[in-house]
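For what it's worth, full-length UniProt numbering labels the leading residue of the sequence shown as 1, then goes sequentially.
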Amino acid sequence: VSWPFQEEVDRKVVPEYYEIIKEPMDFGTMLKKFNNNTYKTKEAFHHDAMLVFNNCRKFNKKDTSYYRCAEDTQKEYEKLLKLHFPGEPIPPDTTNVSATAEPPK
1 VSWPFQEEVD
11 RKVVPEYYEI
21 IKEPMDFGTM
31 LKKFNNNTYK
41 TKEAFHHDAM
51 LVFNNCRKFN
61 KKDTSYYRCA
71 EDTQKEYEKL
81 LKLHFPGEPI
91 PPDTTNVSAT
101 AEPPK
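Here it is, written out as structure tokens:
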């Protein structure tokens, strides 16, 4: 389900993405940050994960496979949070990305 988020959006293929999305994020970048011990809190990790999902929903229309992937992957991510941090609330979304806005296309 997470195939669209494995690496950064290619600027040559989708240059308009970077005009709309001001703080891009992908799972490949998150893995590098994790391996480099950049994440000091689970909230910082969660912030980047939410950027992945919210950026996708902001850029893509609701009827696209990309939008559905964001929805499905976020659900799986939240299941994993509950599994690995039982009894703890899911951290708040601190991305300031309006995920409900339709993309200007």
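Quick reminder that beta carbons are idealized off the backbone N, C-alpha and C, glycines included. Keep in mind it's a predicted model, so treat the numbers as computed, not measured.
Secondary structure of Asn37, DSSP reduced to three states = coil
Residue range of the alpha helix (DSSP H) that includes Phe5 = Careful: Phe5 lies outside any alpha helix (DSSP H) and carries neither H nor E.
request  = Please classify Asp48: does DSSP put it in a helix, a strand, or coil?
outcome  = helix
query = By Cβ distance below 6 Å, which residues in the same chain neighbour Lys105 in space, the five residues on each side in sequence not counted?
reply = Legend: pLDDT at Lys105 = 47, less than 50; position of this residue unreliable, no value from coordinates given.
query = Can you check whether the CB of Lys58 is closer than 7 Å to the CB of Tyr97?
reply = First, the amino acid is wrong: residue 97 is Val here, not Tyr. Lys58 sits close to Val97, with the two beta carbons spaced by under 7 Å.
request  = Taking Asn55 and Pro24 to be in contact with their CB atoms under 8 Å, please state how far apart those CB atoms are, rounded to whole angstroms.
outcome  = 6 Å
Segment contact flag, the stretch 67-85 with the stretch 1-14, C-beta cutoff 8 Å, min 3 pairs = yes
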